[in-house]
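So the structure is just underneath, and the comments pick up after that.
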Amino acid sequence: MIGASLLVLLHVLIPVYWLGGDLGAFYGSTFMVDPKRSVAERMMALKILNNIDMAPRTALIMAFPTGFTLVWQRGWVEIADAWVIAAWVVGLAWLALAWIVHLKHGPAGATYKKLDLAIRYVVVFALWAAAMLALSKEIELPLFIALKCLVLGSCVALGLLVRRQLVPLFGAIVQMRDHGPTPESDRVIAQVNGRARISVITIWVLVLTASFLGIATPV
172 MIGASLLVLL HVLIPVYWLG GDLGAFYGST FMVDPKRSVA ERMMALKILN
222 NIDMAPRTAL IMAFPTGFTL VWQRGWVEIA DAWVIAAWVV GLAWLALAWI
272 VHLKHGPAGA TYKKLDLAIR YVVVFALWAA AMLALSKEIE LPLFIALKCL
322 VLGSCVALGL LVRRQLVPLF GAIVQMRDHG PTPESDRVIA QVNGRARISV
372 ITIWVLVLTA SFLGIATPV
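Read left to right, the sequence shown gives residues 172 to 390 (the working numbering).
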């Protein structure tokens, strides 16, 4: 009973840290784009939001083993014990990889980053495929689980989109750090941040939707 309660608590904390971390990074980005602040302040804001962003990244990954275990524990889907163990092994390995990517910069982390991206694409495909098969009655899943697969797959996909949207930011940040800000670098930083914010807010809506589905648990 205590173990089951702790599992539920852990899964409930997923959206808490996901949205809380995202809100912190969201607010921190306002200091990074503010041309009235010094370069040192803006670079510090960037460092802070990069570190805070590991909270939602960690929460995203942990949503899968905790959710998978809840499905097994509640008996919503028949799952062999071995698959639950495998879910935790894979989930924790992916989490370790994500932290390695965060801590290793430059060429040293390039291979880890590619592997992490590949995993995310596989996760998107797997979740969307499971959702589509369930919704078309090809496989048996409770409706709320099928919808959560669709929603969480979309969260991962939007996270990948955000990474693409942020690509132009890196050159502008290097320019600001090494040579000082220019009207062009400030424009790029503000423009990229504005585009990414739309995707991030959409992710928030999806996380809240997934949370509602988990509480409502429609059949």
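By construction, the Cβ of each residue, glycine as well, lies at the ideal position given by its N, Cα and C atoms.
Would you tell me roughly how many angstroms separate the C-alpha atoms of residue i and residue j, rounded to the nearest one?
i	j	result
V327	R291	7 Å
L220	K308	42 Å
Q362	G195	20 Å
G174	R245	13 Å
I386	V333	28 Å
L177	L184	10 Å
S325	A300	12 Å
L304	S370	26 Å
V378	V179	17 Å
P227	G191	8 Å
P186	Q346	36 Å
V294	L231	11 Å
M215	H350	16 Å
E355	K284	29 Å
D224	I250	33 Å
I310	S209	56 Å
D193	A381	16 Å
L306	L241	21 Å
A297	I372	24 Å
Cβ atoms of residue j and residue i: under 8 Å apart, would you say?
i	j	result
L181	T229	no
V255	W243	yes
I316	W247	yes
L217	M203	yes
V272	G280	yes
L274	A302	no
A253	F239	no
Among the options, which has the Cα closest to the Cα of residue i?
i	options	result
V359	S209, L384, L337, G330	L337
L323	L177, W189, S176	W189
F383	H350, S325, K319	K319
W375	L288, A302, G330	G330
R335	A367, Q244, P354	A367
L288	S209, P354, L268	L268
P206	I372, L377, A343	A343
P339	G351, K285, D357	D357
A211	R348, L379, I372	R348
F341	P186, V293, A226, G277	G277
G365	D193, V187, S200, V179	S200
P352	L306, R213, F197	R213
V260	T282, L306, F235, S209	F235
L312	S209, F197, T388	T388
F197	N222, L306, L286	N222
Any beta carbon of chain C sitting closer than 8 Å to that of residue i?
i	result
G262	Absent from the structure is chain C; it holds one protein chain and no more.
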